[in-house]
Amino acid sequence: MTTHQGRSTNLVVVFTILYVICYQVVKGVSDSVVWVVQLSDLHFSVHHPNRASDFTQHVPPALSIINPSLVLITGDLTDGKSKDLLTMKQNEDEWVEYRNVMDTVIEKSGLHKSLFYDLKGNHDSFGVPAIGGVYDFFSKYSINGQLGRNGSVNSVTLETPERKHLFVGLDSTMSIGLRGPTNLLGHPTDQLIKDLDLELSKWDFQSEKPVTKISFGHFPLSFSAPSSGRTLEDVFLKHSISAYLCGHLHARFGKNLKRHHQLSHHSLSLQKFFQFNIHQGSFERTVNCSLGTPPIQEFWEWEMGDWRKNRAFRVLAIDRGHVSYVDLDLKSGTKHAIILPTFPLDSRFMLTSSCHYKYVCQSVAPSSYETIRALVFSISPVLSVVARVYDSQSGNLDLVVETHMFKHADENSRGNLYVAPWNYKAFEDAAPDRFWLQIEANDITRRSTLSELRPFSINGQSFKLSWSWNEFLVMGCQWAAFYYPLFWSAMCFMFTLLLLPKAVMVFPKKIYTYKNFISKKGLANGVLWFLQELCRVHTLWFGWIAYLFYLILFPWFIGQVFTEGGHMVYMTYMGWAVETSNGKGKHEYVGSPDIMVVVLPHLLFVVLPAILVTAALSAERAIYREHVLLFAGKKKDDLDTGFGESVLNGNQRRMMSNVQVGKRWIRKFLFVMCLAICWKHFMNCRTLVKAYEMNPVLHLLGYGLSVPLLLALAISKTRNAQ
């Protein structure tokens with residue numbers, strides 16, 4: 001009986017600890033607003049100590065001023081790269097530095113360690129063969145690892161008197177962490193999606209308060225490769241989350257790395273490959289309030305910039321269920337003051353359909369509309385806060401409202417929320433960018449800080465933003481879905497270039513020559529003649545056919561994919577053949593579709609151009625042959641039978657030499673193209689040799705030498721007119 005009671009007591013203690021870890025009730029929070037801080041892509045590196053030193057210098061004061069309820073660090077805590085950026089594996093010194101820096105940040109900021117949630121990024125899993133293994137430094141040195149948050153999904157709940165706020169973090173890095181560059185995408189497994197589904201539903205039937213749900217991870221959804229048909233987007237839409245916070249892409253691709261996701265009842269086959277605009281489709285503007293509150297079938301995906309180069313720092317607030325954020329740049333140090341307007345919402349990044357419904361049907365208390373609200377964080381005491389509303393209807397920003405804001409004070413207030421009453425109905429308008437809001441704060445040292453001018457829409461009209469080309473490529477394209485269609489399209493196209501003209505040559509009337517093309521010009525005639533000339537160089541044509549089959553059927557190269565000590569493994573277009581954990585000699589392919597960063601550039605920028613250049617060399621030889629015959633005054637069949645050369649006199653030989661040396665400019669240009677392709681291929685091979693510690697002679701197999709040899713063969717075979 002005593003033993004049983006002891007075990008029961010231990011179980012109670014364990015569950016109590018788990019409850020405290022997973023469910024946190026925040027005390028001393030305003031009754032309407034909570035706020036958190038997000039950082040991402042720190043990339044602490046032994047080669048760039050300023051990243052860690054700047055973090056230690058600038059982040060603690062900022063956290064101390066803001067006093068957030070949570071600090072979310074969304075991946076790539078360390079860099080894991082050599083100085084030349086080519087070798088990518090774990091470096092324990094970087095992890096020790098990360099742990100020491102975070103200990104300093106926690107101490108100086110005055111925040112409790114349990115408020116920090118750090119996630120693993122792809123750099124943190126470079127060359128890690130197994131979770132919990134000797135090279136899994138994340139489990140040893142990260143805050144999540146030290147606090148026992150070992151699952152792929154972890155959550156924390158912040159509670160105020162009015163609502164709950166559920167934050168769910170997910171780790172979708174590879175379970176078998178390869179070295180870069182073939183460790184690029186997130187890989188949410190079926191088990192992770194199941195766990196995420198369960199975690200997001202934890203308050204669905206247990207809470208009388210409304211719940212705002214936020215998820216955070218490292219990889220954007222465009223860089224996620226689910227193992228089955230169910231995706232992270234499906235789960236997020238099912239549970240009506242407000243936002244998914246992520247990193248990974250850094251700031252170099254653009255400032256609008258945001259994406260609006262919406263449940264579509266008109267499924268298009270292209271949607272699994274593309275989303276062409278930041279906003280997905282359009283929302284239904286007719287609202288039937290009698291049907292009750294519809295589920296929120298939309299969410300925002302907000303990628304944030306990196307600490308690595310841009311010293312990005314984000315403050316995110318939830319005000320009565322409405323989510324807003326401000327992104328800061330700490331390159332110049334900690335800001336003297338930070339202003340985050342929380343209402344009215346920025347019409348560029350609002351949940352359009354739900355905001356429109358709430359306003360039309362008055363499903364929320366009118367009091368939530370009756371004040372302008374903003375969070376103000378300042379090093380020095382704040383003397384005054386002023387809200388200004390501008391009307392842009394005239395084409396200029398005309399000031400229409402200027403009002404002083406007052407500190408919102410109650411027994412739970414942390415003293416950072418400022419409010420001002422206003423007549424919100426005066427700002428109803430069909431245009432989402434007619435009215436603009438700006439907040440100004442003045443402190444005791446007479447410093448003035450202005451918030452960003454942002455458009456707002458009281459009645460839930462969305463201001464549509466557009467992606468730049470780079471932003472579309474990284475946020476609008478589902479790269480995991482592209483790999484195999486692109487691979488097989490490229491292979492089929494190259495096989496068609498080689499086999500179709502060969503098949504056409506079976507028919508005597510379909511043999512195309514330079515003479516035919518000159519006499520009967522046309523695109524089809526020109527293309528078929530161009531490609532049939534390559535077919536006439538039999539060794540070259542068979543060489544390309546054999547190489548394409550090699551790329552499909554055989555390993556491309558062999559390399560070291562783990563940090564140290566692992567066996568060399570080979571890579572095919574399906575991935576790296578890594579031995580399974582049961583150790584029975586069986587292999588599984590991992591790293592797909594991440595290997596697209598090696599496979600597709602090789603096919604599209606080396607193999608395909610090389611085939612076209614060798615075809616061009618063959619066609620140039622045919623043109624040269626006709627010129628030689630013209631100068632010699634002989635027919636082509638005389639030259640082919642060997643009689644032409646015997647009748648050439650000395651002058652004619654000199655004329656041929658002049659044509660070959662002085663007039664073959666196309667051939668010289670194509671020779672330069674061959675050198676450019678070889679240089680591109682050499683640089684690719686150099687990257688792979690450094691990345692995977694290869695012996696360039698033994699381990700590159702047919703990948704390394706085949707293309708240069710085929711180009712050299714083409715140059716040799718097309719040197720003379722014969």
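If you use the UniProt record's numbering, the sequence shown corresponds to residues 1 to 722, in order.
Yeah, the Cβ is synthetic: ideal placement off N, Cα and C, and Gly gets one too.
For residue i, write down the residues that DSSP places opposite it in a beta bridge.
i           : result
TYR325      : LEU316
HIS602      : DSSP lists no partner for HIS602.
LYS238      : Answer is none; LYS238 lacks a bridge partner.
ARG348      : Its beta-bridge partners do not exist; DSSP assigns none.
GLU301      : TYR244 and ARG259
CYS477      : PHE274
LEU72       : GLN38 and TYR117
LEU200      : None, per the DSSP bridge assignment.
TRP576      : MET571 and VAL590
SER224      : GLY186
residue 724 : No statement about residue 724 is possible, as the shown extent of the chain runs from 1 to 722 and does not include it.
ASN91       : Bridge partners of ASN91: none, in fact.
ILE372      : ALA420
PHE557      : MET571
TYR390      : LEU399 and TRP436
PHE406      : VAL419
HIS48       : SER45
GLY566      : According to DSSP, GLY566 bridges with nothing at all.
Of the choices the options, whose alpha-carbon is the least far from that of residue i?
i           : options                           : result
ASN563      : ASP171, ILE66 and LYS89           : At residue 563 the sequence reads Thr, which differs from the Asn that was named. Ranking ASP171, ILE66 and LYS89 by Cα distance to THR563 puts LYS89 first.
LYS81       : SER69, PHE126 and GLU97           : PHE126
residue 741 : ILE131, LYS120 and ASN144         : Since the first residue of the chain shown is 1 and the last is 722, residue 741 is not available in this structure.
ARG348      : ALA712, ASN695, ARG259 and VAL385 : ARG259
ALA712      : PRO696, LEU540 and TYR624         : LEU540
ALA225      : ARG252, PHE273 and SER215         : PHE273
ALA480      : GLN438, HIS567 and LEU600         : LEU600
GLY217      : LEU63, LEU237, GLY247 and TRP300  : GLY247
SER228      : THR74, MET694, LYS194 and PRO129  : LYS194
MET475      : PHE427, GLU301 and SER462         : GLU301
GLY543      : LYS521, LEU705 and PHE219         : LEU705
PRO421      : LYS521, PRO366 and SER392         : PRO366
LEU453      : THR445, HIS239, TYR512 and ALA387 : ALA387
residue 730 : LEU328, LEU192 and LEU200         : Limits of the chain in this structure are 1 at one end and 722 at the other, which puts residue 730 out of reach.
ALA130      : ALA430, VAL578 and LEU709         : VAL578
TYR244      : PRO432, MET574, THR74 and TYR369  : THR74
HIS567      : THR580, LEU72 and PHE669          : THR580
HIS336      : HIS112, ILE444, VAL168 and ALA676 : ILE444
residue 727 : TYR135, LEU170 and HIS165         : The requested residue 727 does not occur in the structure, where the chain is confined to residues 1 to 722.
Report back the beta-carbon spacing between residue i and residue j to the nearest angstrom; my notes put them in contact at under 8 Å.
i           : j      : result
PHE557      : HIS681 : Not quite, the Cβ-Cβ distance comes to about 13 Å (not below 8 Å), so this is no contact.
TYR418      : VAL385 : 5 Å
TYR692      : GLY559 : 3 Å
LEU498      : ILE545 : 6 Å
PHE299      : PHE236 : 5 Å
residue 723 : ILE66  : The requested residue 723 does not occur in the structure, where the chain is confined to residues 1 to 722.
THR87       : ASP124 : Between ASP124 and THR87 the Cβ distance is about 16 Å, and since that is not below 8 Å, they are no contact.
SER45       : TRP307 : So it is not a contact: roughly 12 Å between Cβ atoms.
ALA62       : LEU450 : At roughly 18 Å, the Cβ-Cβ gap does not stay under 8 Å, so ALA62 and LEU450 are not in contact.
SER240      : ILE296 : 4 Å
TYR390      : PHE463 : Actually they are not in contact, since the Cβ atoms of TYR390 and PHE463 sit about 15 Å apart, beyond 8 Å.
PRO455      : ASP346 : 7 Å
ILE458      : ALA374 : Their Cβ separation, rounded to whole angstroms, is 16 Å, which puts ILE458 and ALA374 out of contact at 8 Å.
residue 735 : GLY305 : This structure cannot settle anything about residue 735, because the visible part of the chain is limited to 1 through 722.
ALA610      : VAL707 : 5 Å
Discussion item. Quick test of the definition: if touching needs 3 or more C-beta pairs under 8 Å, does the stretch 193-211 touch the stretch 608-620?
Written reply: no
Fill in: the stretch 585-605 in contact with the stretch 101-121 per 3-pair CB rule at 8 Å
no
Item to complete: Decide if the stretch 50-65 is in contact with the stretch 134-146; the criterion is three or more beta carbon pairs, one per stretch, under 8 Å apart.
Response: no
Worksheet item: Below 8 Å, can you find three or more Cβ-Cβ pairs linking the stretch 338-348 to the stretch 314-330?
Response: yes
Item to complete: Decide yes or no for the touch test of the stretch 32-40 against the stretch 152-163: beta carbon pairs closer than 8 Å, at least 3 of them.
Response: yes
Discussion item. Measuring CB atoms only, is the stretch 464-473 touching the stretch 490-510, in the sense that at least three cross pairs come out at less than 8 Å?
Written reply: no
Item to complete: Say whether the stretch 215-223 touches the stretch 178-190, bearing in mind that this needs 3 or more beta-carbon pairs closer than 8 Å, one atom from each stretch.
Response: yes
Practice prompt. Mind listing, in chain order, the continuous alpha helix (DSSP H) runs of no fewer than 4 residues lying wholly within the stretch 105-165?
Written response: 137-141 and 143-146
Fill in: Uninterrupted beta strand (DSSP E) stretches inside the stretch 440-499 (no shorter than 3 residues)
448-450 and 454-456
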